[in-house]
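These protein sequences, in sequence, are chains A and B.
Mapping to our numbering: the first sequence position 95 is 95, numbers consecutive.
Position in the second sequence (first residue = 1) + 1000 = our numbering.
C-beta: ideal position from N, C-alpha, C; glycine also.
Here's the structure we're looking at; comments come further down.
2 protein chains.
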Amino acid sequence: MPIPNKVRWMQDILPETHLYHTFLKKVFRHELRKNWFKRITTPVLEHKEVFTWALWEGTDIIDKEMYNLIDKKWRELVLKPESTAPIMRSYIENDLLSEPQPVFLYYVEPHFRYDRPQKGRFRQFFQLWAEIIWEQDPILDAQLIYIWYKVLNNIGLKWEFKVKINTIWSLKDRQKYLEELTNFYETKKHLLSEDALRKLETNPLRLLDTKIEDEIILAKEAPKMSKFLKKESKEHYTKVKEYLDLLWVEYEEDHTLVRGLDYYTHTVFEFVDNSGRSQDSFGWGWRYDLLSKKLWHKEEIPAVWMAFWMERLVDALRDKWILIKNKDKIDLYFIQLWDEAKKIVLPLTIEAREAWINTLSSLWTPSLKAQMKKANRLNARYVVMIWVMESKSWIYQVRDMQEWTQEEIKKDDLIEYIKSKVWKTSLDFYCPASDYIIN
Amino acid sequence: MPIPNKVRWMQDILPETHLYHTFLKKVFRHELRKNWFKRITTPVLEHKEVFTWALWEGTDIIDKEMYNLIDKKWRELVLKPESTAPIMRSYIENDLLSEPQPVFLYYVEPHFRYDRPQKGRFRQFFQLWAEIIWEQDPILDAQLIYIWYKVLNNIGLKWEFKVKINTIWSLKDRQKYLEELTNFYETKKHLLSEDALRKLETNPLRLLDTKIEDEIILAKEAPKMSKFLKKESKEHYTKVKEYLDLLWVEYEEDHTLVRGLDYYTHTVFEFVDNSGRSQDSFGWGWRYDLLSKKLWHKEEIPAVWMAFWMERLVDALRDKWILIKNKDKIDLYFIQLWDEAKKIVLPLTIEAREAWINTLSSLWTPSLKAQMKKANRLNARYVVMIWVMESKSWIYQVRDMQEWTQEEIKKDDLIEYIKSKVWKTSLDFYCPASDYIIN
Chain A
1 MPIPNKVRWM
11 QDILPETHLY
21 HTFLKKVFRH
31 ELRKNWFKRI
41 TTPVLEHKEV
51 FTWALWEGTD
61 IIDKEMYNLI
71 DKKWRELVLK
81 PESTAPIMRS
91 YIENDLLSEP
101 QPVFLYYVEP
111 HFRYDRPQKG
121 RFRQFFQLWA
131 EIIWEQDPIL
141 DAQLIYIWYK
151 VLNNIGLKWE
161 FKVKINTIWS
171 LKDRQKYLEE
181 LTNFYETKKH
191 LLSEDALRKL
201 ETNPLRLLDT
211 KIEDEIILAK
221 EAPKMSKFLK
231 KESKEHYTKV
241 KEYLDLLWVE
251 YEEDHTLVRG
261 LDYYTHTVFE
271 FVDNSGRSQD
281 SFGWGWRYDL
291 LSKKLWHKEE
301 IPAVWMAFWM
311 ERLVDALRDK
321 WILIKNKDKI
331 DLYFIQLWDE
341 AKKIVLPLTI
351 EAREAWINTL
361 SSLWTPSLKA
371 QMKKANRLNA
381 RYVVMIWVME
391 SKSWIYQVRD
401 MQEWTQEEIK
411 KDDLIEYIKS
421 KVWKTSLDFY
431 CPASDYIIN
Chain B
1001 MPIPNKVRWM
1011 QDILPETHLY
1021 HTFLKKVFRH
1031 ELRKNWFKRI
1041 TTPVLEHKEV
1051 FTWALWEGTD
1061 IIDKEMYNLI
1071 DKKWRELVLK
1081 PESTAPIMRS
1091 YIENDLLSEP
1101 QPVFLYYVEP
1111 HFRYDRPQKG
1121 RFRQFFQLWA
1131 EIIWEQDPIL
1141 DAQLIYIWYK
1151 VLNNIGLKWE
1161 FKVKINTIWS
1171 LKDRQKYLEE
1181 LTNFYETKKH
1191 LLSEDALRKL
1201 ETNPLRLLDT
1211 KIEDEIILAK
1221 EAPKMSKFLK
1231 KESKEHYTKV
1241 KEYLDLLWVE
1251 YEEDHTLVRG
1261 LDYYTHTVFE
1271 FVDNSGRSQD
1281 SFGWGWRYDL
1291 LSKKLWHKEE
1301 IPAVWMAFWM
1311 ERLVDALRDK
1321 WILIKNKDKI
1331 DLYFIQLWDE
1341 AKKIVLPLTI
1351 EAREAWINTL
1361 SSLWTPSLKA
1371 QMKKANRLNA
1381 RYVVMIWVME
1391 SKSWIYQVRD
1401 MQEWTQEEIK
1411 KDDLIEYIKS
1421 KVWKTSLDFY
1431 CPASDYIIN
């Protein structure tokens, strides 16, 4: 009988990958906190209505890609496929409207989509996510883009991506354009794939978003929304660009960059991976001023969001051979060869750790050779061996594994000796508790 | 039509609560990393077998408390109710056996239990979790207890808890004791509650774990396992205590501290809240040397784990009025009263942030009064207002909101002026990217 394995296309994130996750989360969090964003977490499970009310019927996400379950009271629950709708639900339900506005929120959350698996994409995937809720000012769109632009540059992906922007205005006002677009494609029906013909029926705007070469050419010829923009919308878009220029963000306008849902408004943007990796996007975002009315039917609460796919960033960092420091190096390693020696090693280990030295002790007691091998494999810098004699004499041999030398040190001097030997920078001074608690 | 609300007994973790979560995670992570623990994450969804094979049938968790779903291929999946089984699944499936042993793993994970809601308990709850896998040495049990003991003391809960320990040896060897225990309770059947009678049938050991007063008295009179311990088990338990003494951990032996599953072995321990809050435990752990054979049927892989309930720790910190520093204070706040002023404020805001000053700018343009009110509510220290004149003259009035004074500063001197005014400690020097990337 084999072991039950993990659910297909889900992932175990092992320590070596967590190095990257930790790094990305730190950079991301720090940048967002600096910009006044606060963290929020919503549950993994939501009522299905949170997503269906947002009018997603007719999209793949609602129709095919959700993990559904029925609870004991016959309520339909789903594992959240995304977070704009839950966050808006939470914003309204918890009355964040009574806080100073706009509200800046961020989160690092798993999302769940039961879709066709692809490289770098899992059915449970993590996203780095930020939203600004309540205000429609174009300066916010620009700021959000700037923050992500900076994050990508900071983590070492400069030159690996480009920023694409576009505007799709809002539903009511883009009707005229959609008519024009539909007319254009109606005359080209013989050139369209089955998928495209379906889009022509249900959501013509999505025709511009294609990966089929012939259709990409068509999309370039298709009528452009910019010609149909009314004053308010033009102004919003122009200002976004002005602010981006002011912040030295390089971007590219792309009128084929569209998103299909009818509560999306104004600015859409995408950070496109330009290295030719299989997934062509690190993340994207848009304004969605009309979502709140879908959920709440009461008030329009403008908002803008942007998210990165954690797994794609990790892949890109690895592809580019960007190495993350493993802070878990060992500067002091104890070997013990006798059961009684454990009682000496244990408090010494603790003491060394309290003195900020990265310390590990070998606990099990096979041969000295096996233990030295482990010390080598772990790349330990200084090794102290405690056997019967050492237990009694309080004088230890300290072996420098790098220089292949050995020195005799008294027990009481050991900690100071190691501290004098290892780099200051490799001591671990940080003490979160005293840093955080107000006395 | 009301807004769809959150799923009953699930929680939105709002920014104010995240302050505590962040703090707890930082202390916890730091302490564990120092002790050579590495982070792992397993998926939210697992095959149901991962839990049923671990022989949990007959427990409430399997029978009543799991969120189940069936996927498109008719596989039974569950939202993980705990993590020892998934971690062991992951350890075997990913061949962590080929790493240097023992493997030290930690995680901060949501777990899901569809049980009766209680105060401080949600159906999705977060646990701080640590495991040591592969080795049976009692020094590991003691180390794990010591780490958690230190974490609880560090976060400010000293005197708020006590550590209880016990040993339950392993299944085979505790049969004799279970017979004795059953005999004892058989003669007292008339004193037992319905729940207790059920335990007598299915799992007599759990009779000792009761909250009914009469049954607590019975449990104290019941035969004690310590009398039945064989040599190996006694030695393990004695050593755990010796090591705890060596590390100055205060603990209490409690022979009624038991856990019912048959793969648990040797040491069990619990951190009991002694403040009289409704939940009586911050967390617990035990050795579970026999789990791997339940899942794998091949090799016995000893392990020990311990976890805290995040929500209970947050409640305790709040009850005890332990305040966590909100690092998001604002030292510099820009008010703009003119659309063109935004173009001055935006780069200035960025520049100030690059200089590590905690800066926020008001973007929407109601009255000056409304903006000053917001600056006050956010407790901003220095406020700079930019109107038509300021946009042209490059000289700003900097208002000190604490001292109620005002100074005239040139634009180019502004950053240095603020830096000279605010405490060094409130500048935000940390730069995770350069701290982590190896050049």
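Residue i at chain B interface by Cβ criterion, 9 angstroms
i: Trp394(A); result: no
i: Asp289(A); result: no
i: Gln143(A); result: yes
i: Lys224(A); result: no
i: Pro117(A); result: no
i: Pro81(A); result: no
i: Trp305(A); result: no
i: Val383(A); result: no
i: Asp331(A); result: no
i: Trp296(A); result: yes
i: Met10(A); result: yes
i: Lys342(A); result: yes
i: Ile415(A); result: no
i: Trp148(A); result: no
i: Thr22(A); result: yes
i: Asn94(A); result: yes
i: His266(A); result: no
i: Asp502(A); result: With chain A represented from 1 up to 439, any question about residue 502(A) goes unanswered, as that position is not in the structure.
Simplified DSSP assignment, three categories, for residue i
i: Lys293(A); result: helix
i: Arg121(A); result: strand
i: Lys211(A); result: coil
i: Trp148(A); result: helix
i: Glu1135(B); result: coil
i: Arg1029(B); result: helix
i: Val1345(B); result: helix
i: Asn1358(B); result: coil
i: Arg259(A); result: coil
i: Ile418(A); result: helix
i: Ile301(A); result: coil
i: Ile350(A); result: helix
Beta-ladder partner(s) of residue i, from DSSP
i: Gln336(A); result: Ile386(A)
i: Ile165(A); result: Glu253(A) and Phe269(A)
i: Ala1130(B); result: Tyr1106(B) and Met1306(B)
i: Asp400(A); result: Tyr382(A) and Thr405(A)
i: Lys395(A); result: The amino acid occupying residue 395(A) in the given sequence is Ile; Lys does not appear at that position. Partner(s): Lys410(A).
i: Gly1285(B); result: Phe1269(B) and Met1306(B)
i: Leu1045(B); result: Leu1079(B)
i: Pro1038(B); result: The sequence shown places Lys at residue 1038(B), rather than the Pro named in the question. Bridge partners of Lys1038(B): Leu1105(B).
i: His1111(B); result: Phe1125(B)
i: Leu1069(B); result: Leu1077(B)
i: Ile1087(B); result: Answer is none; Ile1087(B) lacks a bridge partner.
i: Ile13(A); result: Thr1041(B)
Test: residue i CB closer than 9 angstroms to a CB of chain A
i: Ser1090(B); result: yes
i: Thr1084(B); result: no
i: Phe991(B); result: With chain B covering only 1001 through 1439, there is no way to say anything about residue 991(B).
i: Tyr1237(B); result: no
i: Ile1139(B); result: yes
beta-carbon residue i near the ligand ATP non-hydrogen atom, thresh 8 angstroms
i: Trp1134(B); result: No copy of the ligand ATP occurs in the structure displayed, which carries no ligand at all.
- Task: Count the C-beta pairs between the region 310 to 323 of chain A and the region 125 to 139 of chain A that are closer than 8 angstroms, then say yes if the count reaches three, no if not.
- Result: With the cut-off at 8 angstroms, the region 310 to 323 of chain A and the region 125 to 139 of chain A touch.
- Looking at C-beta atoms only, is the number of pairs between the region 1245 to 1258 of chain B and the region 1183 to 1197 of chain B that lie closer than 8 angstroms three or more? Judged by Cβ distances under 8 angstroms, the region 1245 to 1258 of chain B makes no contact with the region 1183 to 1197 of chain B, as fewer than three pairs qualify.
- Contact between the region 404 to 424 of chain A and the region 14 to 31 of chain A (3+ Cβ pairs under 8 angstroms): At 8 angstroms Cβ cutoff, the stretches do not touch.
- Query: Three or more C-beta pairs closer than 8 angstroms, one from the region 319 to 326 of chain A and one from the region 338 to 352 of chain A: is that the case here?
  - Reply: The region 319 to 326 of chain A vs the region 338 to 352 of chain A: no contact.
- Item | Runs of alpha helix (DSSP H) wholly within the region 1184 to 1233 of chain B (minimum 4 residues, chain order) | Complete alpha helix (DSSP H) runs here, min 4: 1194 to 1202 and 1213 to 1221.
- Query: Any chance the region 204 to 222 of chain A sits against the region 135 to 153 of chain A, with 3 or more Cβ pairs inside 8 angstroms?
  - Reply: Contact between the region 204 to 222 of chain A and the region 135 to 153 of chain A is absent, because fewer than three Cβ pairs lie under 8 angstroms.
- Query: Are there three or more Cβ pairs, one per stretch, closer than 8 angstroms when the region 1329 to 1337 of chain B is compared with the region 110 to 126 of chain A?
  - Reply: The region 1329 to 1337 of chain B makes no contact with the region 110 to 126 of chain A; the number of CB pairs closer than 8 angstroms stays below 3.
- Would you check if the region 288 to 297 of chain A and the region 80 to 97 of chain A touch, i.e. whether three or more CB-CB distances between them fall below 8 angstroms? Yes, the region 80 to 97 of chain A touches the region 288 to 297 of chain A.
- Query: Counting Cβ pairs closer than 8 angstroms, one from the region 47 to 54 of chain A and one from the region 408 to 415 of chain A, do we hit at least three?
  - Reply: Short answer: they don't touch.
- Message: Using 8 angstroms as the cut-off, can you tell me whether the region 1180 to 1192 of chain B makes contact with the region 1273 to 1287 of chain B, which would need three or more C-beta pairs spanning the two stretches below that distance?
- Response: Between the region 1180 to 1192 of chain B and the region 1273 to 1287 of chain B, the count of Cβ pairs shorter than 8 angstroms is below three; the stretches do not touch.
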